[in-house]
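Residue numbers (this note's numbering): 1 to 158.
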């Protein structure tokens with residue numbers, strides 16, 4: 001009994017799908033009427049600049065002379081005090097950690113504090129390493145020797 005009702009339903013479904021697909025194609029859409037053509041405004045010629053007079057003198061070439069002026073690419077606050085400072089004369093007062101890593105707090109003999117991170121230069125040395133209780137400097141040796149390593153440690157707390 002099911003086979004008798006299934007066949008008409010199948011034919012009806014196929015017929016509806018075919019009719020739907022046949023109605024979709026259609027033909028080409030109707031062409032719109034041509035738009036009214038408006039004339040373009042007349043083009044005015046652009047005036048050419050006048051040639052420079054041969055009688056006028058040409059402008060002199062400008063040259064930059066840095067005599068008596070400082071180099072704009074050197075740091076302003078890299079004073080003589082920092083260059084004269086020796087790594088052996090400073091004492092380590094603390095090491096602080098943050099998102100940027102560890103930073104050392106050192107104090108010079110004049111009481112001025114410096115915050116250093118790896119790669120920073122201080123006097124005759126450069127910071128090469130930091131631990132939670134020490135800072136290591138590479139000190140440039142005089143003469144034919146290479147750099148020597150100097151480690152400053154935090155004083156023991158009682």
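Just so it is clear, CB atoms sit at the ideal spot from N, CA and C, and this is done for glycine as well.
First through last residue of the beta strand (DSSP E) which encompasses residue i
{"i": "residue 126", "result": "125-131"}
{"i": "residue 91", "result": "91-98"}
Under 9 Å between C-beta atoms of residue i and residue j
{"i": "residue 129", "j": "residue 140", "result": "no"}
{"i": "residue 95", "j": "residue 154", "result": "yes"}
{"i": "residue 118", "j": "residue 127", "result": "yes"}
{"i": "residue 102", "j": "residue 74", "result": "no"}
Rounded straight-line distance, which links the Cα of residue j to that of residue i
{"i": "residue 110", "j": "residue 67", "result": "35 Å"}
{"i": "residue 133", "j": "residue 86", "result": "20 Å"}
{"i": "residue 149", "j": "residue 90", "result": "15 Å"}
{"i": "residue 113", "j": "residue 152", "result": "15 Å"}
{"i": "residue 45", "j": "residue 32", "result": "37 Å"}
{"i": "residue 120", "j": "residue 146", "result": "19 Å"}
{"i": "residue 39", "j": "residue 47", "result": "24 Å"}
{"i": "residue 35", "j": "residue 43", "result": "23 Å"}
{"i": "residue 88", "j": "residue 116", "result": "15 Å"}
{"i": "residue 16", "j": "residue 5", "result": "17 Å"}
{"i": "residue 21", "j": "residue 9", "result": "18 Å"}
{"i": "residue 156", "j": "residue 142", "result": "32 Å"}
{"i": "residue 92", "j": "residue 71", "result": "33 Å"}
Residue i - partner residues in DSSP beta bridges
{"i": "residue 114", "result": "106"}
{"i": "residue 134", "result": "131 and 153"}
{"i": "residue 101", "result": "98"}
{"i": "residue 121", "result": "126"}
{"i": "residue 139", "result": "125 and 148"}
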